[in-house]
Amino acid sequence: MYYLAKMADASTTRRANKIPNNLYELCLTNLVNYLQKSKCDRNDLRSLPDIIVMDVYYKMLQEKRLCILAAELSELDIFERLLFYADSQLRLLQCFQAVIEHGSNWLSTELATAYLSKCESNTGSRDPLIQLGLRLGGFLNEAGWYADAQRVLLQCRDLCQAQPQTTYYKRLTLECCHRLLNTQSAYCCFPAAAETYALALKLLGLEPQASGQLPDGPIAVGDTCDKALQTECDDTEQAGVAGGGRAAACTRGAWGGAALAARLCKEFSALFFVRCDYGAAHAWSLRALALLDDWTPPRITVEVLRACGKACVVKRRFAAAGLLVRQAVALARAHFGPRHPRTAAALLDYGFYLLNVDSITHSVAVYEEALGTLRRVFGRSSLHVATAQEDLAYALYVLEYSSGLFYKARDHAERAIRIIENLVPADHLLLASAKRVKALILEEIALDTPAGQDIKPSLLEESESLHKAALALSMMAFGEKNVQTAKHYGNLGRLYQSMQKFQDAEAMHLKAIAIKEELLGAEDYEVGLSVGHLASLYNYHMNMHLAAEKLYLRSISISLKLFGERYSGLEYDYRGLVHVFTKLKRHESAAHYDRLLQHWHALREESKAEQQPALGSEQVMPLAELQAALFAHND
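For my numbering, count along the sequence shown from 1 and bump the result up by 1.
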């Protein structure tokens, strides 16, 4: 073991110089094989440095010794060492997920339970338990095991709140709130997330409705949070903290408070985003962006840029969104490398942006790269992988809408649903979106199926069942007055049109329009989409051509205002008006919109020749320059 440690030191040097370290690798392989064959006491591993322990476990992964690896990782004391070893995070994620896929799906729950038991039995200082809880909960969250992450972090939060409420413990509680909000938002635990949000606001000294009542100016929240997070170094005796931890808290300085506040504002934005309150999501993301500076750790900067970029997409501020998401990808690539899950997460947001600016082919390519990275890290049975597959399925559905080649999209959607069904309860909201995507795909496959084939009615019935299930899950989570619920009404409206249930289709479209107008305003993209769908129903199936004309013109006006004259959705509105005016025998108007349609085709051909920036070509912009450009644009 001593010689292995010496070789590890030499190996570290060789890695830096990119020189093969074959002898060290050979020793690791032999050690792993020996441990597997001899079934001996593995306590000798405990005496090795952390770097070697991690190398041994990663070698177990490479050699497919997953049973022995599972036994090792299930011991909380061993896992704790690896959590505190800074260079092990990515490899630990790969080992952890590989063990679970191999059959040890109890591992996450066992570690969480072991942590709770340790908290109950410990009678000494709580600080080590708090630090372990933050690390373990954060790791389980990053691995996508949200239910167990929440158990750990709730216990950690309670430990923090049971201590004297000095600034040091306020900071720890806020660190816990940051991780909890990330977990609860991702896992759609909205009531629990609302409690965490309220606690964080209270500790930061902000009002419960701070998202709407903060003073004007992007830095206003920072001033308030700085006062709440000032370091009180005379609290040492009350805190009862070992010298190192308290000293570290006192020397973090102003940037530490600003970074923590930025992370919290980012999580507030993420929570409002998944709840479809896009105005609040955008406001909080801008406040997080304003709190970044050159000393902010790159991971936090990437997270904030991503949140702000996504919020700008749904607010239809595409110039700002494109700048933000490209910067997030560039910084993630530069800091984490191209095959890191954080880079993949940034790519998913980039794909979301590209999809919304009608760059569908590029969106599919970005989603495919992200999915490939996530599969390499998490395997094929992870919520992270399921999310990427669902996103890719929808992008492929949009891409192939004209061709009718939906089978690849269907495969990804079905894979996403199978993964989610294996990992969450049957009534979980995470299933709603994946079922919606599959339902849309099945409907289009049914429409492309020749009449008279037995498969067509069954496809439409399955699509209806999926849409209704998604609507029920959305109603349960959000209620009726929510954008997601409105989308599900609109999807049912389109399906009923395909099923020739025209009165039902009209009712669904009218519901969708009313909810979207109330929540988003009359000129929002989502409203235009539903208006166009109702126009199609009136035009092609209900002979209400005058009503259809007004709706088409409104849809076109919204599309031109938001996207310009090359927008893909204009094709259906122009075609619809040609049909309307032909039926009304207004031939000059029909010819006018036919010319507009031909002009649109020419513009689309020009667009195909225009290239989006190549993947990997993004350049990191100085933060101050980025902030100045965005806040000047926002003002």
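Built from N, CA and C at the ideal position, the CB exists for glycine as well. Treat the numbers as computed from the prediction; the structure is a model and nothing was measured.
Could you tell me the alpha carbon to alpha carbon distance between residue i and residue j, rounded to whole angstroms?
i: LEU272; j: ARG495; result: 30 Å
i: ARG82; j: SER360; result: 45 Å
i: ALA447; j: ALA260; result: 51 Å
i: GLN628; j: ALA201; result: 25 Å
i: TRP285; j: PHE269; result: 6 Å
i: GLY218; j: ALA262; result: With a pLDDT of 41 at GLY218, under the threshold of 50, the predicted position of this residue should be treated as unreliable, and no value is reported.
i: GLU463; j: LEU443; result: 8 Å
i: VAL425; j: ARG381; result: 15 Å
i: LEU292; j: ARG300; result: 14 Å
i: ALA116; j: THR174; result: Reading off the sequence shown, one finds Tyr at residue 116, where the question assumed Ala. Cα to Cα, the separation comes out at about 18 Å.
i: GLU619; j: LEU324; result: 10 Å
i: PHE632; j: VAL579; result: 43 Å
i: SER569; j: ASP128; result: 57 Å
i: VAL153; j: GLN95; result: 21 Å
i: ALA639; j: VAL581; result: Nothing can be reported for residue 639: it is not among the residues displayed for the chain, which extend from 2 to 636.
i: SER1; j: ALA515; result: Because residue 1 is not part of the residues shown, which for the chain are 2 to 636, the question remains open.
i: ALA199; j: GLN185; result: 14 Å
i: VAL54; j: LYS562; result: 59 Å
i: VAL621; j: GLY338; result: 14 Å
i: SER212; j: GLY405; result: Low confidence applies here, because SER212 scores a pLDDT of 49, under 50, leaving its location unreliable; read the following figure in that light. Computed Cα separation, rounded: 44 Å.
i: GLN37; j: TYR59; result: 14 Å
i: CYS28; j: LEU91; result: 22 Å
i: THR197; j: CYS190; result: 11 Å
i: THR167; j: LEU204; result: 11 Å
i: GLU233; j: HIS413; result: Note on GLU233: pLDDT 42, under 50, position unreliable in the model; no value is reported.
i: PRO342; j: TYR553; result: 43 Å
i: HIS542; j: LYS457; result: 19 Å
i: ALA630; j: ASN423; result: 45 Å
i: TRP1; j: ALA536; result: A query on residue 1 cannot be resolved here, the shown segment of the chain reaching from 2 to 636 and no further.
i: ARG377; j: HIS385; result: 12 Å
i: LEU400; j: LYS584; result: 31 Å
i: ASP236; j: ALA163; result: Note that ASP236 scores a pLDDT of 40, beneath 50, so its modelled location is shaky and nothing firm can be said.
i: TYR408; j: ASP525; result: 32 Å
i: ILE420; j: ALA471; result: 17 Å
Less than 8 Å between the beta carbons of residue i and residue j, yes or no?
i: VAL326; j: TYR368; result: no
i: ALA506; j: LEU467; result: no
i: GLU572; j: LEU547; result: no
i: ILE637; j: ALA433; result: Absent from the structure is residue 637, since the part of the chain shown begins at 2 and ends at 636.
i: LEU372; j: LEU393; result: yes
i: GLN485; j: SER475; result: yes
i: LEU77; j: HIS103; result: no
i: ALA308; j: ALA289; result: yes
i: LEU160; j: LEU135; result: no
i: TYR398; j: VAL358; result: no
i: ALA347; j: VAL330; result: yes
i: GLU73; j: THR30; result: no
State the CB to CB distance for the pair residue i and residue j, rounded to an integer number of angstroms; the pair is presumed to be in contact (CB under 8 Å).
i: ALA109; j: ASP51; result: It is Ser, not Ala, that sits at residue 109 in the sequence shown. With a Cβ gap of about 22 Å, SER109 and ASP51 do not count as contacting.
i: LEU93; j: LEU112; result: With a Cβ gap of about 12 Å, LEU93 and LEU112 do not count as contacting.
i: VAL303; j: LEU332; result: 5 Å
i: ASP294; j: LEU624; result: 7 Å
i: HIS510; j: LEU530; result: With a Cβ gap of about 10 Å, HIS510 and LEU530 do not count as contacting.
i: SER105; j: ALA71; result: 4 Å
i: SER638; j: ALA396; result: Nothing about residue 638 can be read from this structure; the chain reaches only from 2 to 636.
i: ASN142; j: ARG180; result: 6 Å
Identify which residue in the options has its Cα closest to the Cα of residue i.
i: TYR147; options: LEU431, ARG587, LEU205, LEU520; result: LEU431
i: SER75; options: ILE53, LYS60, GLN98, ASP88; result: GLN98
i: SER39; options: ASP56, ILE69, TYR59; result: ILE69
i: LEU604; options: GLU566, GLN628, GLU26; result: GLU566
i: GLN328; options: LEU24, ARG180, LEU356, GLU626; result: GLU626
i: ASN34; options: ARG47, GLN620, SER48, VAL57; result: VAL57
i: VAL275; options: ALA513, HIS600, SER537, PHE479; result: PHE479
i: ALA144; options: ALA320, GLN37, LEU375; result: LEU375
i: TYR575; options: GLN501, GLU519, GLY533, VAL305; result: GLY533
i: LYS311; options: ARG334, TYR279, ARG340, ALA335; result: TYR279
i: PHE85; options: LEU49, ALA513, GLN132; result: GLN132
i: LEU1; options: CYS266, TYR188, PRO192, ALA163; result: The shown model of the chain, from 2 to 636, leaves out residue 1, and the question about it has no answer.
i: ARG47; options: ASN23, PHE80, TYR25, SER590; result: PHE80
i: LYS517; options: LYS502, TYR497, LEU493, LYS482; result: LYS482
i: ALA281; options: GLU391, LEU520, ASP45, GLU465; result: LEU520
i: CYS277; options: LYS316, VAL305, LEU155, ASP45; result: LYS316
i: GLU465; options: LEU306, ILE559, GLU445; result: GLU445
Can you find a C-beta in chain B that's less than 8 Å from the C-beta of residue i?
i: ALA603; result: You won't find chain B in this structure, because it holds only one protein chain.
Length at least 4, wholly inside the region 316 to 350: the alpha helix (DSSP H) runs in chain order: Taken in chain order, the complete alpha helix (DSSP H) segments of 4 or more residues contained in the region 316 to 350 are 319 to 337.
Uninterrupted alpha helix (DSSP H) stretches inside the region 62 to 142 (no shorter than 4 residues): Fully enclosed alpha helix (DSSP H) runs of 4 or longer: 67 to 74, 77 to 84, 90 to 102, 108 to 122.
Minimum length 4: unbroken alpha helix (DSSP H) runs contained in the region 485 to 566: 503 to 521, 526 to 541, 546 to 564, all fully within the region 485 to 566.
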